[in-house]
Amino acid sequence: MKSKLCVVVFLLCVPFTTFASVEISEIAWMGTADSSTNEWVELHATSGIDITGWTLETTDGGLHIALSGSIAPGGYYLIERTDDTTVPGIAADLVVPFGSGLANSGEALVLKDTSGSVVDEVNASGGWPAGDNTTKETMQRSGSSWVTAVATPKASNTTAEAPKGQESSGTATSTTVSTEKKASSDSSWQPYVPPEKLPRIKVFAGDDQRVVAGEELRMEGSALGFVGEPLPDARYIWNFGNSIVKEGRSVRYIYPFPGTYTVRLSVASGEHAAFDDAIVRVGRNSAIISEVMPRLSGWVELHNKGAESINLSGWMLQDTSGNKFILPEGTRIAPQSFIVFENIVTKTALLDVLGTIALLYPNGMQADTVTYAFSVPEGMSIVQGESGPLLARPTPGEADDVVTKTAVKKSKGAGIVLAVQPDESTRREVLASDSAIATEVIADSAQAQNLGQYETAAALPQPIAQRVLENNIFWFVLSIVLGIVAGVLLLLARRRFVQSS
Numbered sequence: 041m042k043s044k045l046c047v048v049v050f051l052l053c054v055p056f057t058t059f060a061s062v063e064i065s066e067i068a069w070m071g072t073a074d075s076s077t078n079e080w081v082e083l084h085a086t087s088g089i090d091i092t093g094w095t096l097e098t099t100d101g102g103l104h105i106a107l108s109g110s111i112a113p114g115g116y117y118l119i120e121r122t123d124d125t126t127v128p129g130i131a132a133d134l135v136v137p138f139g140s141g142l143a144n145s146g147e148a149l150v151l152k153d154t155s156g157s158v159v160d161e162v163n164a165s166g167g168w169p170a171g172d173n174t175t176k177e178t179m180q181r182s183g184s185s186w187v188t189a190v191a192t193p194k195a196s197n198t199t200a201e202a203p204k205g206q207e208s209s210g211t212a213t214s215t216t217v218s219t220e221k222k223a224s225s226d227s228s229w230q231p232y233v234p235p236e237k238l239p240r241i242k243v244f245a246g247d248d249q250r251v252v253a254g255e256e257l258r259m260e261g262s263a264l265g266f267v268g269e270p271l272p273d274a275r276y277i278w279n280f281g282n283s284i285v286k287e288g289r290s291v292r293y294i295y296p297f298p299g300t301y302t303v304r305l306s307v308a309s310g311e312h313a314a315f316d317d318a319i320v321r322v323g324r325n326s327a328i329i330s331e332v333m334p335r336l337s338g339w340v341e342l343h344n345k346g347a348e349s350i351n352l353s354g355w356m357l358q359d360t361s362g363n364k365f366i367l368p369e370g371t372r373i374a375p376q377s378f379i380v381f382e383n384i385v386t387k388t389a390l391l392d393v394l395g396t397i398a399l400l401y402p403n404g405m406q407a408d409t410v411t412y413a414f415s416v417p418e419g420m421s422i423v424q425g426e427s428g429p430l431l432a433r434p435t436p437g438e439a440d441d442v443v444t445k446t447a448v449k450k451s452k453g454a455g456i457v458l459a460v461q462p463d464e465s466t467r468r469e470v471l472a473s474d475s476a477i478a479t480e481v482i483a484d485s486a487q488a489q490n491l492g493q494y495e496t497a498a499a500l501p502q503p504i505a506q507r508v509l510e511n512n513i514f515w516f517v518l519s520i521v522l523g524i525v526a527g528v529l530l531l532l533a534r535r536r537f538v539q540s541s
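Each residue of the sequence shown is one higher than the last, beginning at 41 in my numbering.
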């Protein structure tokens, strides 16, 4: 009888916690989307237990964590590495350094009680049997195996079967009887889902682009819902990176200055929003007026000196009288190439003396201009030299003939021909006319200012424009004198007629 009483007393004195089951339930060995060092480990207890003095360590000695506190019945114990921001919105039960951290190649984790006895062990020294370093899904205990699933810190693990190839191979084992987590009885409970895993709309700002300053940029965005469906009622906001903001799914904009700009498209649909960025590299304009042939039968030649194609849609050609021709939609000029526009098509009025032709951006700002103040003989064209416009042999759509870098040739007449040093891509030949002045530029300072950026190339005693002006004045004065003489003669004739009668 005494022996039976002793047995009963012994059983009553055995601590209840001896039968409590504590297990390593979830391991975030891969960290989170924010940082690979945001590692954490979760413990789970089937009944309440004080774990003060317990340890969690690796068999290689790289990790040794002294535990403190307790776990409520059916509760969880979250151990976060370094700080409590590792798992946003979930308070940690213990924040400690993880030493060198959990190796992505695998570890052998051991949970020991105060006596040093092994309570649970996860032997993954040969490689983690679950978890994904790319998606940041964690390694979760499910029954007697491990599965890869969206993180559930301090909440029930995923109960679905492990995907093929991700079930435990038997290398991850436990010394306790592991039980699958039970769902919380709290009907308001929701499993934790990391922000990167929350459903969201998808936004696309389009490919990166290259344009030149003054060229029209076209941006077209798109947005898709959770399952890839279009969002017809979404709001599109474009920020062009230079304080300019536009709204709409498809927008157009012209950068006035070169640079590299980050264009952000923000899309909102109901309570959901997302954004996407595109890089726009804006270079200097390399489209110029390279050659001009006056008269209605002439033409205007444009040249792209750059290495990128330029969209000329909406650009304009403007003549001396201010008439503008808008280049049609889809007009492009390839790199290092020429395109020619006929005057009869563009309706530009270019006379054979005193003319201006300008290339304008779509916003009306000037991209290039050629102004000439000399007579252009039949069969000759105008090219742009370093010091101003010059005469040349027509070469529409082609590079011009190459001559010596600097030359001054006298013609049989009173004029001169200048061939100034051209740019690296082309050099132009300037031909002299046998019987007329080949090149005459107005030297008068007031008239020279009308040439804009071009310097006076040469000065002659009597420029053509000056002679034309003087001839007009001469005929005007002569007509007045003849009118006065005619009036006097008529008056005298009338008086003689009256006297004779």
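The beta carbon of each residue, even a glycine, is placed where N, CA and C say it ideally should be.
Small disclaimer: the values here were computed from a predicted structure and weren't measured.
The Cβ-Cβ distance between Ile111 and Leu134 does not fall below 8 Å.
Beta-bridge analysis with DSSP links Lys286 to Trp278. Rounded to the nearest whole angstrom, the CA to CA distance from Phe244 to Ala314 is 10 Å. The alpha-carbon of Asn351 is positioned some 5 Å away from that of Arg372.
Between Thr86 and Ser61, the C-beta gap is smaller than 8 Å, which places the two residues in contact. DSSP places Arg250 in the strand class (E or B) of the three-state scheme. Between the alpha carbons of Leu394 and Ala274 lies a gap of roughly 56 Å.
About 5 Å separates the Cβ atoms of Ser349 and Ala374, confirming a contact at the 8 Å cut-off. With fewer than 16 other beta carbons inside 10 angstroms of its own, Val158 counts as exposed. Non-local beta-carbon contacts of Val291 in its own chain, meaning distances under 7 Å to residues more than five positions away in sequence, involve Met259, Trp278 in chain order. Boundaries of the alpha helix (DSSP H) around Asn383: 383-386.
Of all alpha-carbon atoms in Leu400, Gly346, Thr188, Glu341, the one lying nearest the alpha-carbon of Asn363 is that of Leu400.
Looking from the CA of Pro334, the closest CA among Leu531, Asp392, Gly323, Ser353 belongs to Asp392.
Looking from the CA of Gly139, the closest CA among Gln249, Ser145, Ser421, Arg121 belongs to Arg121. Around the beta carbon of His84, 16 or more other beta carbons lie within 10 angstroms, which makes this residue buried. Per the C-alpha coordinates, the member of Ile284, Arg304, Val322, Glu287 positioned closest to Pro298 is Val322.
Boundaries of the beta strand (DSSP E) harbouring Leu400: 395-400, taken from the DSSP string. Around the beta-carbon of Asn325, 16 or more other beta-carbon atoms lie within 10 Å, marking it buried. Exclusion of the five residues before and after Arg289 leaves Glu260, Gly261, Tyr276 as the residues of its chain whose Cβ lies within less than 7 Å of its Cβ. Comparing alpha-carbon positions, the option among Ala253, Asn173, Arg181, Ala164 lying closest to Asn403 turns out to be Ala253.
If the five residues before and after Asn78 are omitted, its C-beta is found closer than 6 Å to the C-beta atoms of Gly71, Thr72, Thr126, all from its own chain and listed in chain order. Following the DSSP letters along the chain, one finds Gln180 inside the beta strand (DSSP E) bounded by residues 178-182. For the 8 Å CB-CB criterion, Ile422 and Glu331 form a contact. Under the three-state reduction of DSSP, Ser361 is assigned to coil, being neither helix nor strand. If you draw a straight line from the Cα of Gly338 to the Cα of Leu390, it comes to about 8 Å.
If the five residues before and after Val136 are omitted, its C-beta is found closer than 6 Å to the C-beta atoms of Ile105, all from its own chain and listed in chain order. For Phe514, the secondary structure class from DSSP, reduced to helix, strand or coil, is helix.
Taking C-beta atoms as the reference points, Thr178 and Gly171 count as a pair closer than 8 Å. Under the three-state reduction of DSSP, Arg292 is assigned to strand. Each residue's CA atom was taken as its position, placing Val303 and Gly281 some 6 Å apart. In this structure, Leu342 sits away from Phe365, with a CB-CB distance that is not shorter than 8 Å. For the pair Lys286 and Tyr295, the CB atoms are not nearer than the 8 Å cut-off. Counting other Cβ atoms within 10 Å of its Cβ, Gln539 stays below 16 and is therefore classed as exposed. CA-to-CA, the gap between His312 and Asn144 works out to about 35 Å.
Comparing alpha-carbon positions, the option among Ala327, Glu97, Leu257 lying closest to Lys345 turns out to be Ala327. Contact check for Gly129 against Glu256 fails: the beta carbons are separated by 8 Å or more.
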